[in-house]
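Taking it in order: structure first as structure tokens, then the write-up.
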Amino acid sequence: MAKQIRIALRNCGVIDPERIEDYIARDGYMALASVLTDLSPEAVIEILKKSGLRGRGGGGFPAGIKWEITRNVVADQKYVVCNADEGDPGAFMDRSILEGDPHVVLEAMTINGYCTGASRGLIYIRAEYPLAVERLKTAMGQSRSMGLLGENILGTGFNFDIDIRYGAGAFVCGEETALIHSMEGLRGEPTVKPPFPSVEGYLKKPTNVNNVETFANIPIIINKGWKWFSSIGTEKSKGTKVFALAGKINNVGLIEVPMGTTLREVIYEIGGGIQYGKAFKAAQTGGPSGGCLTVKHLDTPIDYDNLIAAGSMMGSGGLIVMDEDDCMVAIAKFYLEFTVEESCGKCSPCRIGNKRLFELLEKITQGNGTMDDIDKLRNLGTVIKETSLCGLGQSSPNPVLSTIDNFPEEYHEHVTGKKCRSKVCKSLMQYLVVADKCIGCTLCARNCPVDAISGERKQVHFIDQSKCIKCGACMDKCKFNAIIIN
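Counting the sequence shown from 1 gives a position; the numbering used here is that position plus 16.
Structure below.
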């Protein structure tokens with residue numbers, strides 16, 4: 017664990033999140049006080065720009081520049097929005113911050129309001145996060161009672177207050193324009209940009225949208241200075257990144273590491289290696305819209321640019337590890353099924369194109385694919401990336417394209433050999449009886465739900481492949497290891 021540096025998670029597990037006194041004891045609201053009394057909005061924005069902080073929600077856009085754009089727009093009303101719509105399967109970074117350190121988000125949003133000229137903040141949070149919602153409400157009440165939120169904050173004349181908006185669990189609402197529409201009571205669908213939300217967002221007013229982890233970095237940057245923050249990480253990706261480490265790895269959970277930490281360090285040092293001593297095969301970064309990194313990427317420093325160059329993306333921070341038993345064609349199909357389900361359907365490249373991609377993968381995993389289908393996957397995936405309206409569609413083919421590039425032999429085996437080396441794709445599996453091990457006990461035949469096994473007692477049995485449904489009941493019941501998967 018020594019290679020971790022806790023910045024965004026610095027207070028999680030250390031303070032009582034329901035006591036504002038605990039947060040204040042660890043320099044809480046010191047940054048807000050410093051900003052309101054000693055620094056101009058332009059000075060704070062310059063600090064963020066020099067720090068190199070990039071948005072942690074997936075896009076990686078420089079936070080200071082986004083704040084500056086919103087500040088420079090003239091309007092009678094502006095908004096600050098915290099994106100807490102954490103939709104990636106297996107991701108819980110934002111949830112942990114909101115449950116363990118809610119005040120850091122409130123403080124950062126208030127600082128944002130001061131810098132951008134906004135007087136209202138909105139937290140868009142998944143309704144499936146009841147504890148996070150409860151603790152946010154508690155924190156907001158405490159902050160108001162101490163003059164840290166609401167009217168005349170710290171006696172400076174600055175007014176800023178925050179409300180909560182609930183998301184219904186739509187993955188596409190992680191995209192900022194779809195999120196804004198959802199908050200307005202409309203369908204959660206993205207719109208063409210520009211105009212960007214910083215210019216025209218919530219209720220057509222300038223709106224600055226940052227995610228939870230981005231906000232969690234703001235107060236400490238102001239307290240410790242931009243030079244301290246920019247000394248951590250790589251040349252173009254400063255600071256740390258929180259990852260939800262999951263999959264076939266010994267140590268699962270949240271980790272926070274400096275940008276530039278290699279995949280090998282994450283998996284084998286912090287993660288404790290692959291379960292049961294099996295071989296590492298791939299790591300999916302960036303959630304369902306990310307790509308697969310392989311053994312050749314183990315020593316690649318993890319940052320925004322390197323992941324994109326490798327055919328993946330940082331995303332919000334999901335990192336799922338796979339071992340030698342995983343079928344990469346099935347993995348691509350699994351993630352694509354998720355994005356097909358979560359597509360809002362507004363643009364045809366995503367709505368129709370991803371469905372066709374999924375159908376091609378389904379055809380291949382069922383043993384009916386051709387080599388032309390692999391070319392179709394590549395061509396269609398490229399078109400979807402280039403023509404989709406929002407980030408969901410633009411990144412959804414990544415799992416397919418990266419697995420084709422990194423594991424072409426598995427696709428070829430599925431197509432030409434009609435075999436799945438990992439024995440995951442059921443349609444390509446065959447349960448066979450090993451003649452010299454079968455004693456004819458009939459246990460397998462008596463437990464077969466479709467009567468696909470025949471044979472006399474004390475005689476070698478036979479499995480009819482045309483009837484077999486690949487349920488595995490015969491193998492589970494056989495006491496002599498006489499049934500194998502081919």
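Heads up, the beta-carbon is just placed ideally off N, CA and C, and yes, glycines get one too.
Since the model is a prediction, treat every value here as computed from it, not as a measurement.
Can you have a look at residue i and say buried or exposed, based on whether 16 or more other CB atoms are within 10 angstroms of its CB?
{"i": "Lys495", "result": "exposed"}
{"i": "Leu352", "result": "buried"}
{"i": "Leu147", "result": "exposed"}
{"i": "Lys82", "result": "buried"}
{"i": "Glu251", "result": "exposed"}
{"i": "Arg111", "result": "buried"}
{"i": "Trp244", "result": "exposed"}
{"i": "Lys153", "result": "exposed"}
{"i": "Ala18", "result": "exposed"}
{"i": "Glu472", "result": "exposed"}
{"i": "Arg87", "result": "buried"}
{"i": "Val208", "result": "exposed"}
{"i": "Ser159", "result": "buried"}
{"i": "Ile283", "result": "buried"}
{"i": "Ala590", "result": "Within the shown structure, residues of the chain are numbered from 17 to 502, placing residue 590 beyond reach of any answer."}
{"i": "His428", "result": "exposed"}
{"i": "Thr301", "result": "buried"}
{"i": "Thr386", "result": "exposed"}
{"i": "Asn395", "result": "exposed"}
{"i": "Ser412", "result": "buried"}
{"i": "Leu202", "result": "exposed"}
{"i": "Arg136", "result": "buried"}
{"i": "Asp12", "result": "Within the shown structure, residues of the chain are numbered from 17 to 502, placing residue 12 beyond reach of any answer."}
Among residues of its own chain, excluding the 5 on either side of residue i, which ones have a beta-carbon nearer than 6 angstroms to its beta-carbon?
{"i": "Glu340", "result": "Lys294, Ala295 and Lys297"}
{"i": "Tyr182", "result": "Ala143"}
{"i": "Ile113", "result": "Val228 and Ala232"}
{"i": "Asp492", "result": "none"}
{"i": "Thr310", "result": "Ala298 and Asn422"}
{"i": "Phe187", "result": "Gly103 and Glu358"}
{"i": "Val356", "result": "Asn370, Lys371 and Phe374"}
{"i": "Gly361", "result": "Arg367"}
State the DSSP-derived secondary structure class of residue i, mapped to helix, strand or coil.
{"i": "Asn224", "result": "strand"}
{"i": "Gln291", "result": "helix"}
{"i": "Thr193", "result": "helix"}
{"i": "Asp32", "result": "coil"}
{"i": "Met338", "result": "strand"}
{"i": "Phe478", "result": "strand"}
{"i": "Pro235", "result": "helix"}
{"i": "Ile469", "result": "strand"}
{"i": "Arg394", "result": "helix"}
{"i": "Thr458", "result": "coil"}
{"i": "Arg437", "result": "coil"}
{"i": "Gln158", "result": "helix"}
{"i": "Leu55", "result": "coil"}
{"i": "Ala18", "result": "coil"}
{"i": "Leu25", "result": "coil"}
{"i": "Pro206", "result": "coil"}
{"i": "Gly44", "result": "coil"}
{"i": "Asp389", "result": "helix"}
{"i": "Gly217", "result": "coil"}
{"i": "Asp421", "result": "helix"}
{"i": "Leu314", "result": "coil"}
{"i": "Asp38", "result": "helix"}
Can you list, in chain order, the residues of its chain whose CB lies under 8 angstroms from that of residue i, leaving out five sequence neighbours each side?
{"i": "Cys497", "result": "Note that residue 497 is Asn in the sequence shown, not Cys. If we look at Asn497 and ignore the five residues flanking it on each side, its Cβ neighbours are Val450 and Lys453."}
{"i": "Val89", "result": "Ser214, Val215 and Pro222"}
{"i": "Gly75", "result": "Gly407"}
Spell out the partners DSSP gives residue i in its beta bridges.
{"i": "Ile447", "result": "Before going further, note that residue 447 is Tyr rather than Ile in the sequence given. Ile501."}
{"i": "Gly166", "result": "Phe176"}
{"i": "Gln300", "result": "Cys308 and Ile336"}
{"i": "Gly201", "result": "In DSSP, Gly201 forms no bridge with anything."}
{"i": "Arg181", "result": "Tyr140"}
{"i": "Pro415", "result": "Answer by DSSP bridge pairing: none, since Pro415 is not bridged."}
{"i": "Arg70", "result": "Pro78"}
Who are the near neighbours of residue i in its chain, counting only those whose CB is closer than 7 angstroms to its CB and skipping five residues on each side?
{"i": "Met199", "result": "Leu138, Tyr140, Arg181 and Tyr218"}
{"i": "Lys392", "result": "Leu376"}
{"i": "Phe174", "result": "Leu52 and Tyr130"}
{"i": "Asn239", "result": "Asp43, Met46 and Ala47"}
{"i": "Cys464", "result": "Ala489 and Cys490"}
{"i": "Met156", "result": "Leu122, Leu165 and Ile178"}
{"i": "Gly269", "result": "Leu261"}
{"i": "Asp315", "result": "Thr278 and Arg280"}
| said: Which complete beta strand (DSSP E) runs does the segment 239-282 hold, if anything under 3 residues is left out? | reply: Annotation: the segment 239-282 contains the following complete segments of the beta strand (DSSP E) (minimum length 3 residues), in chain order: 256-263 and 269-274.
| query | If you scan the segment 92-144 from start to end, which runs of the alpha helix (DSSP H) of 4 or more residues do you find wholly inside it? | reply | With a minimum length of 4 residues, the continuous alpha helix (DSSP H) runs that stay inside the segment 92-144 are 109-116 and 118-132.
| query | What are the uninterrupted segments assigned as beta strand (DSSP E) that are 3 or more residues long and contained completely in the segment 316-374, given in chain order? | reply | You should have 334-339.
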